[in-house]
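Residue numbers (this note's numbering), protein chains in the order written: chain L, 24 to 515; chain X, -8 to 478.
Accompanying notes for the structure given below.
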Amino acid sequence: MEKFEKNLERQLMAMRECYKTGKTKQVSWRRSQLKGLQTFLKEKELEIFRALNLDLGKHYVESFRDEVGLLKKSLNLALKDLNKWMSSRKAKLPIIALLSYAEVVPEPLGLVLVISTWNLPLALSLDPLIGAIAAGNAVVLKPSELAPACSSLLVNFLPNYLDNEAIMVIEGGPATGEQLLEQKWDKIFFTGSAKVGRIIMSAAVEHLTPVTLELGGKCPAVLDSLSWSWDKEVALNRIIGAKYGSCAGQACISIDYLLVEKAFFSTVVELMKVLIKKMYGDSPKESHSVARIINKHHFLRLKNLLTDQMVKDSIVYGGSMDEDCLFIEPTILVDPPLQSKIMTEEIFGPLLPIITLDKIEDSIDFINSKPKPLAIYAFTNNEALRERMVSETSSGSVVFNDAIIQFAADTLPFGGIGESGIGKYHGKFSFDTFSHYKAIARRSFLTDFWFRFPPWSNYKLDLFETVYSYDYFEMLLVVLGLKRSKMRFFIN
Amino acid sequence: MEEEKQTFDADKAAVLVNELRETFSSGKTKSYEWRTSQLESISKMIDEKEKEIIEAVHKDLSKPELEAFVSEISMTKSSCKLALKVLKSWMMPEKVETSIATYPSSAEIVSEPLGVVLVLSTWNFPFLLSLDPVIGAIAAGNVVVLKPSEIAPATSTLLAKLLVEYADESAIRVVEGAVAETSALLEQKWDKIFFTGGARVGRIVMAAAAKHLTPVTLELGGKCPAVVDSNVNLQVTARRIISGKWACNNGQACIGVDYIITTKEFAPKLIDALRSVLEEFFGKDPMESKDRSRIINSFHFMRLINLLDEDKVSDKIVAGGQRNESQLQIAPTILLDVPEDSLMMQEEIFGPLLPIITVEKLEDSFNMINRKQKPLAAYLFSDDEQIKRKFVQNVFAGGIAINDTVLQITVPGLPFGGVGESGMGSYHGKYSFDAFSHKKAVLYRSFGGEAPTRYPPYTPGKQKQMKALLSGNLFNIILALLGWFKD
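So, in C-alpha cells, the structure goes:
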C-alpha cells in the first residue's frame, strides 16, 4: 500500500508537471483526445458489449442505447462545439468605467479526479472524462471495481488511445479510493451513493476542492388517469422500460416507485402485466433483455426488501429470484407498508411498488415528504397538475410523459439537489463543471476620474453620488459648482 | 453593546431553521411580488439609513466617509437596483433546444430557490458583504439567515436592527454572535451556505456542509499580486495601485493589492512614484490623514507588526514603517525585496504593508505567482499587448484586471469568485441569483411519436435504427428506417 501511495504521488506530480506545460489547454490536444475516445468506442465496440454483458448481463442493444450510443453523441457534440465553448464572453460594462473592456474566459481547473460507478460503468466513466478533457484538464479516472470486466477494459485499452502523460486510469476498490482522496485535486467528480458522496465532500475540504456529486434518490413516477388507450399503453411502456429495461432498475434515474389514483390502479396493473409479457416474453430470464443484478451483495439486499410478510403479500406480479444467475424478474407490488425498507430506501432493482392515492394531486405532498430525488416523472395531460408539479416539488429534473430520456438531452443540465447531489453535467454543462470562469477587466491609461483618489472632500463625495446614480445632469451641476453640497454627516 | 442575550445554541438554531422552513414551504417567498417588496424595502433602508450605516462602519473601521459611501452604500444599492430592474427576466424559465434523440419534445430550465440559506459575512466591508449575498438570496426566492461578523460589532448590531425594521421577519433573520453562535448554525441542515472570510474558517464551513450535502459558495482571499511593467504611465499606475491598496480599507480587502512584482531595473522608479503619490493622497504625515481606515482591532494590529518586525524584512523598508498602537494605525509601508520565505510573503497580508519583489525579466513573475496558491485576483500594469495576453492566459487567479485594481468587482456582468485556495463559486449580478438557485431541467414529451426501437425484444434492426437516431443525421435515420443503414 505504501509503495502504491508513493508511486501514486510520483505519478500525480508528473501529471501536474505535464499540465503546467500548457499542453492540455491547446485546442488541438483536446480534439486529439476526444477523437481518440471516438476511435476507442469504434474499435473496441465488441469488447465493450462483451464486458457489459459479463458485468451486468446487459443486452448489446441496451448497452448501445444507454452507454455507447450516448457517448458517441456526447463526443460528436463536444467536437462540434468545442471552439464555441472555449471562447470568451464579453460582459456589459456600466458607463462609469468608460474605456474599459470586460470578458469572462473559461480555463481548466488543473488536475481532476473522476470517480465512476458500476451500473453504467462505461457511460459514467467516460462522459465526465469527455467534459474534463474538453475543458482542458489532466484527468485521473477511477472506474468501479464492482464492474470488473469494464474496469479492466478501461485500464487495459484506454491508454492506447489517449495521452498517458495527462490522462490516467486507475483500477481499485475502496482502499484505492481512499488513497486517491488523500491527494490534492483541483476538482472531484463523483457518481455514486449519498453515503459515499458525504465522504468525498468531507475529503475535499482539506484542499478546498470543488466537487460535483451525482447521487441518487427515490425517483417517483406519477401516473394520472389517462382516457385514451393509446396514451395508457405508451405511458406504461415507458414506465416499464424505465423500470426494468435500464439496467434492471439499477439506475439513479430509474423509476423507483409509482403513484396512481385508487380508482385507476387495477387497470394499470392488468395492462402492465400484458405489456411486460409482450416486451420480455413468458420467461424474462430467457429473453436476455433484462439485465442482471450486479453482485450477490445487492441481490441479497433486494431479496431482503421482500422478506417482510406484509411486503411479500403486496406482490401482484413476478417476485421470482434466481440467486445463481443473479436474476430477479420484473416485479410489481401494490401498497407495501410505507415504513418498510422498500419505501424508505432507494430500491435500485426491478421491484416496482405502486402506491395508491385518493386523488392524484396528493402525489405532490407524498413526493415532498421524501428527500429531493434526481428526477420526478409525471404522466399527465392535465395542465394544472403539470404546473403544480414543476412549482411545488423540487428535484434535479422533471420529465412529463416519459422517463430516463432526459439523460439523452444535451441541452438540459443533469444533476441533483439536496440528497440527490451537487452540480450538473451533460453537453456544455460538462465543459462548465470542469472549468473556472475567469473574469477579466481591462483599462487603458487614458482616462480616470480624478475624484477617485484621496484626499477626500465633500465635493468628491457629491461627484461620486451623481456618477453612481448615472445622473449626468446632476454631475454637471456639481462640476459647475451649481449644486449645493448635501449636509455631510460627520467628516471629522 | 448590551450583554443581555441568552445563549444561541444548537437547539435555538434548530428552532430558527424550522420556523424558516415553514415559511419557505408556504411558498410565500417564491412570488415575484414578495421578492420585489423585500428588495424595494432594502433599497429604501439604504437610502433612509445612510447616515447610520456610514457611522457604524466608521465606528468599526474608521473608514473614511467617501470610501464607505462608494464601497458599502453605493455597491449595495446598485446590487439591489439591478435585481429589481431585471428580476423578471432572471426568473423566466430558459427554453432550450431539443435534439432528435428526444424528438418530439420541448424543454426548459427553470430557476427555483434552494430553500433555507445561511449567509456568513465578514468584517472588512461589513455592510456590503452581509447585504449583497442576502440580496441575491432574496432575489432567488429563498429564506435567509444572516450572521454578520462580530469583529465589526457596530455594523452587526445595526444590521440586526434595520432588517427587523425593513425586512419580512418570517423569512429574513439576523443572528449576531461569534464562534459559538456560528457553530450552532453550522450544525443545522441548510439548502445552501454562502461564506465570506478566510480559508481556515472556509474549511470548517465546507466540512459542516458536507454532512448534509449542502452546496457552498466560499469567497476567500489570497495574496493578490500586481505585476508592473516598465512601459507604463507611472503616475496613473501609482495612483491605481495606491487606490487598490491603502485607499481600499487600508489594505484590508480580499481583492486588495497584496504585493508587487516588477523588474530590478524599474523598481526604484516605481517606488519614487508611489512615494510621491502617497504624499499627494495622504499628506506629508500619513499618520495624520483621516483618509485611511484604521486596522480593525489589536489582534490584527499585532499580527501586522509581527510581519513588519521580522528580522528578515525589517531592513527592507523603503517608505513608512511608523505605527501607533493606541490609534491602531500603521503608515503606508513599502518594502523592497523581502525574502520569499519571510512571513510576509507566506500569508495574506491584509494590511497597509506593500512588499515589492523584483525579477530579472517580467515574465518570471508569472511563474512566481503560479507557484503560490491561486489568488482571488491578479493585476498587471503594462502597455505591451503580448505581455497582457500571456498574463491572461498563464496566470491562475479568480479574476484579472489589466491596468487597474479592484475595478473588476464593480462590473455586474463579471462573476466575482475565487479558485483553489481563494474559493469556490461566484456572485454579483445574475451570478448572485444563480448562486442561490437550483436550475431544474424540465422536459415535456407527448404520447405521440413513439419509437418501438426503444423497447425489447431487441433486434439488430433496432440497433441500426438507434445508431442512426443517436448520430442525429437525418439521412442516416431515413436509411435506417428503410432498412438500408450500414453502420
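The C-beta atom is built at its ideal place from N, Cα and C for all residues, glycine as well.
On a predicted model such as this, the values are computed, not experimentally measured, just so you know.
For a contact meaning CB atoms closer than 7 Å, what does residue i contact in chain X?
| i | result |
| --- | --- |
| residue 220 of chain L | 204 |
| residue 160 of chain L | Those within 7 Å of residue 160 of chain L in chain X number zero; the least Cβ separation is about 13 Å. |
| residue 303 of chain L | 447 |
| residue 475 of chain L | 234 |
| residue 114 of chain L | 402, 404 and 405 |
Relative to the C-alpha of residue i, which residue among the options is closest?
| i | options | result |
| --- | --- | --- |
| residue 219 of chain X | X/286, X/393 and X/295 | X/393 |
| residue 240 of chain L | L/72, L/398, L/270 and L/285 | L/398 |
| residue 230 of chain X | X/263, X/57, X/200 and X/100 | X/263 |
| residue 102 of chain X | X/116, X/50 and X/78 | X/78 |
| residue 494 of chain X | X/250, X/240 and X/422 | A query on residue 494 of chain X cannot be resolved here, the shown segment of chain X reaching from -8 to 478 and no further. |
| residue 306 of chain L | L/330, L/342, L/326 and L/287 | L/342 |
| residue 105 of chain L | L/89, L/57, L/139 and L/81 | L/57 |
| residue 395 of chain X | X/386, X/307, X/216 and X/413 | X/216 |
| residue 272 of chain X | L/123, L/476, L/96 and L/488 | L/476 |
| residue 126 of chain X | X/441, X/57, X/446 and X/427 | X/427 |
| residue 459 of chain X | L/391, L/460 and L/84 | L/84 |
| residue 450 of chain L | L/461, L/437, L/444 and L/442 | L/437 |
| residue 176 of chain L | L/157, L/76, L/273 and L/445 | L/76 |
| residue 208 of chain X | X/456, X/420, X/447 and X/410 | X/410 |
Distance, Cα to Cα, residue i vs residue j?
| i | j | result |
| --- | --- | --- |
| residue 195 of chain X | residue 97 of chain X | 43 Å |
| residue 235 of chain L | residue 457 of chain L | 9 Å |
| residue 165 of chain L | residue 55 of chain L | 22 Å |
| residue 76 of chain X | residue 318 of chain L | 56 Å |
| residue 253 of chain L | residue 401 of chain L | 17 Å |
| residue 469 of chain X | residue 91 of chain X | 13 Å |
| residue 188 of chain L | residue 140 of chain L | 24 Å |
| residue 211 of chain X | residue 407 of chain X | 11 Å |
| residue 74 of chain L | residue 450 of chain X | 19 Å |
| residue 48 of chain X | residue 170 of chain X | 22 Å |
| residue 5 of chain X | residue 439 of chain L | 25 Å |
| residue 80 of chain L | residue 192 of chain X | 48 Å |
| residue 59 of chain L | residue 102 of chain L | 12 Å |
| residue 398 of chain X | residue 233 of chain X | 13 Å |
| residue 323 of chain L | residue 329 of chain L | 10 Å |
| residue 8 of chain X | residue 460 of chain L | 33 Å |
| residue 8 of chain L | residue 438 of chain X | No information on residue 8 of chain L is available, as it lies outside the stretch 24 to 515 that chain L covers here. |
Tell me, to the nearest whole angstrom, how far the beta carbon of residue i is from that of residue j; I am working on the premise that it is less than 8 Å.
| i | j | result |
| --- | --- | --- |
| residue 429 of chain L | residue 175 of chain X | Their Cβ separation, rounded to whole angstroms, is 39 Å, which puts residue 429 of chain L and residue 175 of chain X out of contact at 8 Å. |
| residue 180 of chain L | residue 63 of chain L | 7 Å |
| residue 178 of chain L | residue 192 of chain L | 5 Å |
| residue 320 of chain X | residue 287 of chain X | Residue 320 of chain X to residue 287 of chain X, Cβ: 11 Å. No contact. |
| residue 168 of chain X | residue -1 of chain X | 6 Å |
| residue 288 of chain L | residue 379 of chain L | 5 Å |
| residue 402 of chain X | residue 464 of chain L | 6 Å |
| residue 348 of chain X | residue 328 of chain X | 7 Å |
| residue 206 of chain X | residue 180 of chain X | About 12 Å separates the two Cβ atoms, so there is no contact after all. |
| residue 227 of chain X | residue 468 of chain L | 5 Å |
Name, please, each residue of chain X whose Cβ falls closer than 9 Å to the Cβ of residue i.
| i | result |
| --- | --- |
| residue 463 of chain L | 383, 390, 391, 392, 393, 399 and 405 |
| residue 213 of chain L | Under the 9 Å cutoff, chain X gives no residues; its nearest Cβ is about 11 Å from residue 213 of chain L. |
Starting from the beta carbon of residue i, find every residue of chain L whose beta carbon is closer than 8 Å, and list them in chain order.
| i | result |
| --- | --- |
| residue 47 of chain X | Result: empty, since nearest Cβ-Cβ is about 11 Å, beyond 8 Å. |
| residue 415 of chain X | 231 and 233 |
| residue 434 of chain X | 420, 421, 422, 423, 425, 428, 429, 432 and 435 |
Could you work out which residues of chain L lie near residue i, taking near to mean beta carbons separated by less than 7 Å?
| i | result |
| --- | --- |
| residue 103 of chain X | 417 |
| residue 55 of chain X | 479 |
| residue 224 of chain X | 468 |
| residue 373 of chain X | Residues of chain L passing the Cβ test: none, with the nearest at roughly 10 Å. |
Name, please, each residue of chain X whose Cβ falls closer than 8 Å to the Cβ of residue i.
| i | result |
| --- | --- |
| residue 258 of chain L | 438 |
| residue 460 of chain L | 406 and 417 |
| residue 82 of chain L | 447 and 449 |
| residue 442 of chain L | 204 |
Three-pair Cβ contact test at 8 Å for the stretch 300 to 309 of chain X versus the stretch 365 to 382 of chain X:
no
Within 8 Å, do at least three Cβ pairs link the stretch 91 to 107 of chain L to the stretch 142 to 161 of chain L?
yes
I want to know whether the stretch 405 to 423 of chain L touches the stretch 111 to 123 of chain X - three or more CB-CB distances under 8 Å.
no
Segment contact, 8 Å Cβ cut-off, at least three pairs: the stretch 263 to 272 of chain L with the stretch 294 to 306 of chain L
yes
Is the stretch 338 to 352 of chain X close to the stretch 250 to 268 of chain X, with three or more CB pairs under 8 Å?
yes
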